[in-house]
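Protein chains in written order, with numbering that gives the first Met the number 0: chain C, 0 to 264; chain A, 0 to 185.
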Amino acid sequence: MNIRLLAKYWRTILIVAEMNLRQQMTDGFVLFTVLFQPIIIALLGLWMLKDKGAEAAMFVVVGSGLTGLWSSLLFISGNSISFERWTGTLESLVAIPTPFEVIVSGKNLANVVQSLLSMVLGYFIAVFAFGYSLDIQQPLLFTVSVFLSVIAFISFGLIIAPIFVMNPGVRAWQNAMEFPVYVLCGFLFPIALLPGWTTPVSYLLPPYWAAVALHGTSTGGASIDRTLFAWGMMLLFSLVDLLIASRLFRLMLYKARADATLGME
Amino acid sequence: MRTLSNNLRLFWQGALLSYIALFHWMRPIQYMASKIIMPLAQMFFFVYLGTYATSADNTAFYIVGNALQIAAVSGIYGMTMSVGGDRDSGTLGYILGTPANRLVVFMGRAFMNILDGALGVVIAFFWGVALMGLDLSNTSIPALALTILITTISTCGLGLLMGCLSLITVTVMFVHNFVYFVLLIF
Numbered sequence: 000m001n002i003r004l005l006a007k008y009w010r011t012i013l014i015v016a017e018m019n020l021r022q023q024m025t026d027g028f029v030l031f032t033v034l035f036q037p038i039i040i041a042l043l044g045l046w047m048l049k050d051k052g053a054e055a056a057m058f059v060v061v062g063s064g065l066t067g068l069w070s071s072l073l074f075i076s077g078n079s080i081s082f083e084r085w086t087g088t089l090e091s092l093v094a095i096p097t098p099f100e101v102i103v104s105g106k107n108l109a110n111v112v113q114s115l116l117s118m119v120l121g122y123f124i125a126v127f128a129f130g131y132s133l134d135i136q137q138p139l140l141f142t143v144s145v146f147l148s149v150i151a152f153i154s155f156g157l158i159i160a161p162i163f164v165m166n167p168g169v170r171a172w173q174n175a176m177e178f179p180v181y182v183l184c185g186f187l188f189p190i191a192l193l194p195g196w197t198t199p200v201s202y203l204l205p206p207y208w209a210a211v212a213l214h215g216t217s218t219g220g221a222s223i224d225r226t227l228f229a230w231g232m233m234l235l236f237s238l239v240d241l242l243i244a245s246r247l248f249r250l251m252l253y254k255a256r257a258d259a260t261l262g263m264e
Numbered sequence: 000m001r002t003l004s005n006n007l008r009l010f011w012q013g014a015l016l017s018y019i020a021l022f023h024w025m026r027p028i029q030y031m032a033s034k035i036i037m038p039l040a041q042m043f044f045f046v047y048l049g050t051y052a053t054s055a056d057n058t059a060f061y062i063v064g065n066a067l068q069i070a071a072v073s074g075i076y077g078m079t080m081s082v083g084g085d086r087d088s089g090t091l092g093y094i095l096g097t098p099a100n101r102l103v104v105f106m107g108r109a110f111m112n113i114l115d116g117a118l119g120v121v122i123a124f125f126w127g128v129a130l131m132g133l134d135l136s137n138t139s140i141p142a143l144a145l146t147i148l149i150t151t152i153s154t155c156g157l158g159l160l161m162g163c164l165s166l167i168t169v170t171v172m173f174v175h176n177f178v179y180f181v182l183l184i185f
C-alpha cells in the first residue's frame, strides 16, 4: 500500500466524517445520544457525588463523556451500515472503488468526535452549575489518551457494524448492551466495586482501557506506568479490531453478493 | 348495547395487536432484551453508582427507585411508540380516518402497556431481591402493588401525552428518550 493511496483514503475518511457530522446535527436521536443523555448522566453523577470534591467531579465529567462515546458507538456507529441500507445508498457505496471499511471509518470518526462534545459540556456544567474549579492534572497525557481513545473506539465500531448487519438477532440486544458496558468499563465508578469474576471481562473491552487512561490522566490518579499500559492495550485492541473488522467486512460483502441481500434488511 | 360491545372489541383487539406489533413478537428475544436485560443493567449501574457515591446502606433506595422507574419503559417508550409508531409506519391516517372511537383505541393501547409496565416493575423488584439483597420482609405487599399500579398508570398517561407531542415533532425518539432520562432526575 503506497503513501498516495493512504492519503486518498484519509481524504475520503475526512470527507465522509464531515458529511456525516452535517447530516447528524439535525437528527434528534443523535443529538440526544451524544449530548443530552451524557449531560443528564453527568447531572445525576455530580449531584450524587457532590460531597466527594473536585476530583470526583472530574471523574464524573470524563465518565459521562465516555457514556456518550459508547452509546454513540453502539447505536449510531453500530447502525451505520444499516442506515445506508435503509436509505438505499448501500449499493452505491459498495460499488465505488474506495473500500467500504474506509467509508465506515469516516462515519465512525464523526460519531466519536461529536461524542467528545458531551465531555466538554459536562465540564462546563460542573464548573458553572456546580461551582467546581476543575483542572486536567496531566493535560499532555490526557490529550494523547483522548487521541488513542478515538482510535480505539473507531476500530471497535468497525467490528460492531458488520456484526449487527449480518446478525439481526445480535442487533436485537443493542438496547441491552448500553448499560452493561457503563458498568463493566468503570465509566462512573471503579470496577473494584464489582464482583471479581467480572474483571477479566472488563479487561477485554477497549472502552475500559480508554476509561483507565482518561480518568487517570484527568484526575492525576494513575501512575505513568499504568497510563502507558492502558495506551498499549488500546493500541493492541485497535490493531486486533482492525484485523477482525477487515475479515468481517469481506465476509459481509461476500455474503451480501452471494445471497443477493445487499439492499435488503 | 351494540356500541358498547363494539367498543369493547375494539379496545381488546387494539390493545393486543398494538402490543404484539410493538415488541415484534416474531422475535421474542427483542422483548427479553428490552424488558428484562436492559432494566437489570440500568439498575446495576445506578445501584453501584449510588452506593459508590453515598454508602452501601442506601442500596435499597436506589433499587426501589430504579425498579419503579422501569414502569417508564412501557409507559414512556411503549405509549409514545404506540402513537408515534403509527405515524412513522404511515398507519395513523387510517386510524384517525376510521369511525372507531379514538379514546377507546388509544386507551386499549395504554391498557397493555400498563399491564406490561407493572410486570416490568415486579421483575425489577425480583432482581433487586434475588441479586442485590433487597429486603422486603417489612413491606406491605398490597400497598406496594397499589403503588406499582398507580405509578404505571400515571407513567402511561405521561407517555400518551408524549405520544401526542410526537405528532407535532419530527423525531419521536428524541421525545421519549429525553422524558425517560429526565424521570431519572425528577
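Yeah, the Cβ is synthetic: ideal placement off N, Cα and C, and Gly gets one too.
The Cβ of residue 124 (chain C) sits no closer than 8 Å to any Cβ of chain A. Residue 79 (chain C) and residue 61 (chain C) have their C-alpha atoms spaced approximately 25 Å apart. Interface annotation, residue 78 (chain C): not in contact with chain A, CB-CB separation never under 8 Å. With contacts defined as CB atoms closer than 8 Å, residue 183 (chain C) and residue 204 (chain C) qualify as a contacting pair. The C-alpha of residue 71 (chain C) is placed about 14 Å away from the C-alpha of residue 105 (chain C).
The continuous alpha helix (DSSP H) containing residue 237 (chain C) extends over residues 223-258. Neighbours of residue 169 (chain A) in chain C, taken as residues at a C-beta separation under 8 Å, are given in chain order as 27. Residue contact with chain A for residue 202 (chain C): absent (no Cβ-Cβ distance below 8 Å to any residue of chain A). Between residue 78 (chain A) and residue 62 (chain A), the C-beta spacing is not below 8 Å. Taking a C-beta distance under 8 Å as the contact criterion, residue 151 (chain C) and residue 16 (chain C) do not qualify as a contact pair.
Taking residue 137 (chain C) as reference, the option from C:36, C:226, C:21, C:22 with the minimal CA-CA separation is C:226.
For residue 184 (chain A), the neighbours in chain C by C-beta distance under 9 Å run, in chain order, 39, 42, 43, 46.
Contact between residue 74 (chain C) and residue 173 (chain C) is confirmed by a C-beta separation of about 7 Å, below the 8 Å threshold. Separation of residue 1 (chain A) and residue 85 (chain A) (C-alpha to C-alpha, rounded to the nearest whole angstrom) is 28 Å. Cβ-Cβ separation between residue 186 (chain C) and residue 65 (chain C): approximately 5 Å, consistent with a contact (criterion under 8 Å). Counting along the chain, the unbroken alpha helix (DSSP H) around residue 148 (chain C) starts and ends at 138-165. Residue 59 (chain A) is positioned such that its CB atom lies closer than 8 Å to that of residue 133 (chain A). With a cutoff of 8 Å on beta-carbon distance, residue 101 (chain A) and residue 13 (chain A) are scored as not near each other. In the three-state reduction of the DSSP assignment, residue 172 (chain A) falls in the helix class. The C-alpha of residue 15 (chain A) is placed about 7 Å away from the C-alpha of residue 111 (chain A). Within the segment 21-106 of chain A, the runs of alpha helix (DSSP H) that reach at least 4 residues and sit entirely inside it are, in chain order, 27-31, 37-52, 58-68, 78-88, 91-96. Interface with chain A (8 Å Cβ-Cβ cutoff): residue 255 (chain C) is excluded.
Residue 210 (chain C) is outside the set of residues whose beta carbon lies under 8 Å from a beta carbon in chain A.
Contact annotation, residue 127 (chain A) with residue 34 (chain A): C-beta distance approximately 16 Å; criterion of less than 8 Å not satisfied. With a threshold of 8 Å between beta carbons, residue 175 (chain C) makes contact with chain A. An exposed status is given to residue 87 (chain A), since fewer than 16 other beta-carbon atoms sit within 10 Å of its beta-carbon. Residue range 140-164 is occupied by the alpha helix (DSSP H) that includes residue 154 (chain A). Within the same chain, Cβ atoms closer than 6 Å to the Cβ of residue 232 (chain C) are found at 208, the five residues on either side in sequence being excluded. Just measuring C-alpha positions, the residue of C:89, C:87, C:2, C:38 sitting nearest residue 180 (chain A) is C:38. The contact set of residue 51 (chain A) on chain C, defined by CB atoms closer than 7 Å, consists of 188, 192 in chain order. If you check the CB distance, residue 117 (chain A) and residue 65 (chain A) do not come in under 8 Å.
DSSP places residue 1 (chain C) outside both helix and strand once states are collapsed to three, so it counts as coil. Counting every other CB atom within 10 Å of its CB across the protein chains shown gives residue 49 (chain A) a total of 16 or more, marking it as buried. When C-beta distances to chain C are compared with 7 Å, every residue of the segment 106-122 of chain A stays at or above that value. For chain C, the residues of the segment 153-182 of chain A that bring a beta carbon within less than 9 Å of one of its beta carbons are 168, 169, 170, 171, 172, 173, 174, 176, 177, 180, 181, in chain order.
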